[in-house]
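End of the sequence shown sits at 158 in this note's numbering; the numbers just go up one at a time, nothing left out.
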Amino acid sequence: MNLLGYFDDHRYEPQPIEEIRFTSRVFLRNEKGQIAFLAIEGEDFFGLRHHLESPGGGVEANETFVEAAHREMMEELGATASSLTLLGCVIDRYHLIHRMTFSVYFEATLDQLYSSTQRTEEETLLIADVVWLSEMEALKRLSQSKNAVDELIHRRELCALTALLKRHEEGR
């Protein structure tokens, strides 16, 4: 698997890593070629949030990264997809929560978008909207951050999105 990026947390005081988390994330494209992003608004253990992130989340016990990607798309977007293509992995250290996260990214094509989602209580509180952005709109918005947590999330997303766009330029 390609390592797309490794990022240390330079925004918070260094802390020992007590947890390793594996996540699966998806750049889901609609029929117009736009990519789905979750607009995250609110406050949690990281503090205030105002950022975009790709649909995705933790890989559950006995679940593959592909299965987690499909489950997360259904839970967060109410979407099914086909043509999942592995992009690679981004590794992040988050000192504030003593965690290292391995985020495996996929690209997929939207099959069906349903009117309901299956979001957790926390997701319901934090996901303000689903926005569909062109590649250029996504690059622009991910290049901006209002606070520390936004910066940490956006650099991960920007790294993976840049790898996706490079892959397309190279015709892969």
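Beta carbons are placed, not taken as given, at the ideal position from N, Cα and C, and that holds for glycine.
Pair within 8 Å by beta-carbon distance, residue i and residue j
| i | j | result |
| --- | --- | --- |
| PHE8 | GLY44 | yes |
| GLU39 | GLU156 | no |
| LEU(-10) | GLY74 | yes |
| TYR80 | LEU138 | yes |
| GLN1 | TRP118 | no |
| LEU172 | ARG15 | Given that the chain is displayed from residue -13 to residue 158, the structure contains no residue 172 and the question cannot be resolved. |
| ALA124 | LEU147 | yes |
| CYS145 | VAL90 | no |
| ASP(-5) | LEU112 | no |
| HIS36 | LYS132 | yes |
| ARG85 | ILE3 | yes |
Integer-rounded CB distance, given that residue j should sit under 8 Å from residue i
| i | j | result |
| --- | --- | --- |
| ALA55 | VAL116 | About 16 Å separates the two Cβ atoms, so there is no contact after all. |
| GLY64 | TYR100 | 4 Å |
| THR71 | GLU93 | 5 Å |
| GLU61 | THR103 | 6 Å |
| TYR(-2) | LEU82 | 5 Å |
| PHE23 | VAL135 | Rounded, the Cβ-Cβ distance is 16 Å, inconsistent with contact. |
Limits of the beta strand (DSSP E) - the one that residue i falls within
| i | result |
| --- | --- |
| PHE(-7) | -11 to -7 |
| HIS187 | What is shown of the chain runs -13 to 158, which leaves residue 187 out entirely. |
| THR9 | 5 to 15 |
| THR95 | 85 to 99 |
Limits of the alpha helix (DSSP H) - the one that residue i falls within
| i | result |
| --- | --- |
| PHE51 | 51 to 63 |
| VAL135 | 134 to 155 |
| LEU111 | 107 to 112 |
Assigned exposure category for residue i - 16 Cβ within 10 Å defines buried
| i | result |
| --- | --- |
| SER68 | exposed |
| LEU34 | exposed |
| SER10 | buried |
| ILE6 | exposed |
| ALA47 | exposed |
| HIS140 | buried |
| GLU58 | buried |
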